[in-house]
Amino acid sequence: AKSEGKNGYQFFSEEINDKVHGELHIEADLRKALRQQGRGLWVAYQPQVDTHTRRLVGVEALMRWNNENGQAVSPGEFIPIAEKTGLITELGGWLLNRICEDLAALRADGIELPKISVNLSPRELREGKTIVDVVLQALKRFGEKVDHFQFEVTENALLADNGPEALNALRQAGFALAIDDFGSGYSSLGYLKRFQVSALKIDRQFIERLPDDEEDAVIVTAVIQMSIALGVKVVAEGVETEAQAEFLSRHGCDVLQGYLTGRPMPPNELASFLRAAERT
Ligand code: C2E
Ligand code: CA
Ligand code: CA
Ligand code: CA
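Reminder that position 50 of the sequence shown reads as 397 in the UniProt record's numbering, one-by-one numbering, no gaps.
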């Protein structure tokens with residue numbers, strides 16, 4: 348029994364070791380990428396469309412990374428590590444500059460995007476008001492307008508130290524705010540009013556089993572009703588089927604985002620996607 352316990356312990360510690368090694372590796376690679384002007388990093392843009400007309404109302408910027416070996420590392424993997432190590436601040440700065448560069452290239456191509464949503468992590472908010480300076484500096488450098496941008500934050504980020512302060516500063520600077528993954532964290536409806544939230548994004552977990560799952564149908568309908576009553580735009584994320592879109596449309600959801608109406612794509616693909624949409 349004793350040796351079993353020992354083996355069990357060894358197995359466990361090796362597993363942790365692998366994980367730490369993996370994370371250290373990703374951290375080192377990411378640091379290197381940032382030192383090299385963000386080599387391998389790029390931004391994918393996912394269309395957000397009006398539920399009824401299916402016209403583009405905005406895009407969400409999503410970070411992408413191909414490491415030195417050309418392997419795609421998912422943001423679900425590297426963002427939490429960037430958060431933990433503090434690299435997220437530098438990464439966020441890189442992101443805003445790249446978005447502005449992409450916007451300039453699209454504009455030269457005759458394409459003007461209506462609105463760009465950018466994710467902000469809890470750590471970025473915790474830095475407080477400096478985040479606002481970083482953002483404003485990037486936009487100023489490229490001549491981009493504040494009211495073209497919306498920041499997405501999760502419910503939990505609102506609870507972070509300095510979270511409320513940073514959000515108020517962003518609001519005061521003229522940026523729109525959206526609550527990301529609504530329903531998946533610690534919800535407090537008070538902040539919808541307190542922070543003058545513009546939009547609420549219903550988490551994909553509630554959309555996935557629509558329209559058949561009765562509980563999810565009730566939750567989604569209630570969230571939409573509440574948003575309408577509060578005058579907050581409601582966005583459904585992870586919409587993959589026409590049946591989901593039909594349900595959401597019927598219940599008054601404003602905006603759809605998901606593989607059904609457009610996958611996240613690099614800027615050049617977004618340009619052809621939008622041109623094709625124009626022709627139909
Ligand atoms: P999120 O902000 O909730 O982003 C939505 C995720 O759902 C994205 O995953 C997107 O690619 C995916 N998605 C969109 N439509 C569908 C669909 O129809 N079906 C399914 N199954 N998935 C869909 P992604 O790009 O892997 O990003 C994962 C998370 O990483 C994001 O979740 C966000 O929390 C974080 N993230 C991504 N980019 C950034 C960034 O630039 N900054 C920060 N702070 N976080 C980011
Ligand atoms: Ca988001
Ligand atoms: Ca989300
Ligand atoms: Ca999410």
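Virtual Cβ for every residue (Gly too), placed ideally from N, Cα, C.
What I want to know is whether the C-beta of residue 462 ends up closer than 7 Å to one or more non-hydrogen atoms of ligand 3.
Residue 462 sits at position 115 when you count from the first residue of the sequence shown. Outside the cutoff, so no.
Between the region 493-508 and the region 518-529, are three or more C-beta pairs nearer than 8 Å?
yes
Buried or exposed for residue 613, going by 16 or more other Cβ atoms inside 10 Å?
Here residue 613 refers to the residue found at position 266 of the sequence shown. Its Cβ having fewer than 16 others within 10 Å, residue 613 is exposed.
Tell me the residue span of the beta strand (DSSP E) that contains residue 604.
Numbered from 1 along the sequence shown, position 257 holds the residue referred to as residue 604. Taken as a continuous stretch (DSSP letters only), the beta strand (DSSP E) holding residue 604 covers 602-604.
Excluding the 5 residues preceding and the 5 following residue 468 in the sequence, name in chain order all residues of the same chain whose CB lies nearer than 6 Å to its CB.
The residue labelled residue 468 in the question sits at position 121 within the sequence shown. Hits under 6 Å: 430, 435.
For residue 533, which three-state DSSP category applies?
Position 186 of the sequence shown, counted from the start, is the residue given in the question as residue 533. Residue state, collapsed to three classes: coil.
Report all residues from its chain with a CB closer than 7 Å to the CB of residue 456; omit the five preceding and five following residues, and keep chain order.
Taking the first residue of the sequence shown as position 1, residue 456 is located at position 109. Result list for residue 456: 618, in chain order.
Just verifying my parser: in three-state terms, what is the DSSP assignment at residue 508?
As a working mapping, residue 508 is identified with position 161 in the sequence shown. Three-state result, residue 508: coil.
For a quick check, are the C-beta atoms of residue 426 and residue 374 less than 8 Å apart?
By 1-based counting over the sequence shown, the position of residue 426 is 79. By 1-based counting over the sequence shown, the position of residue 374 is 27. No; because the gap between Cβ atoms is not below 8 Å, this pair is not in contact.
Please report the straight-line C-alpha distance between residue 490 and residue 556, rounded to a whole angstrom.
For the purposes of this step, residue 490 is identified with residue 143 of the sequence shown, where counting begins at 1. For the purposes of this step, residue 556 is identified with residue 209 of the sequence shown, where counting begins at 1. Those two C-alpha atoms are separated by around 43 Å.
May I have the straight-line CA-CA distance separating residue 553 from residue 564, to the nearest angstrom?
Position 206 of the sequence shown, counting from 1, holds the residue named residue 553. Position 217 of the sequence shown, counting from 1, holds the residue named residue 564. So the alpha carbons of these two residues sit roughly 8 Å apart.
What residue range is occupied by the uninterrupted beta strand (DSSP E) comprising residue 612?
Counting from 1 along the sequence shown, the entry for residue 612 is found at position 265. It is not in any beta strand (DSSP E) - residue 612 carries neither H nor E in the DSSP assignment.
Just to confirm my understanding: we take residue 624, look at its own chain, exclude 5 residues before and 5 after, and list those with CB closer than 6 Å. What are they?
Locating residue 624 in the sequence shown gives position 277, where the first residue counts as 1. None.
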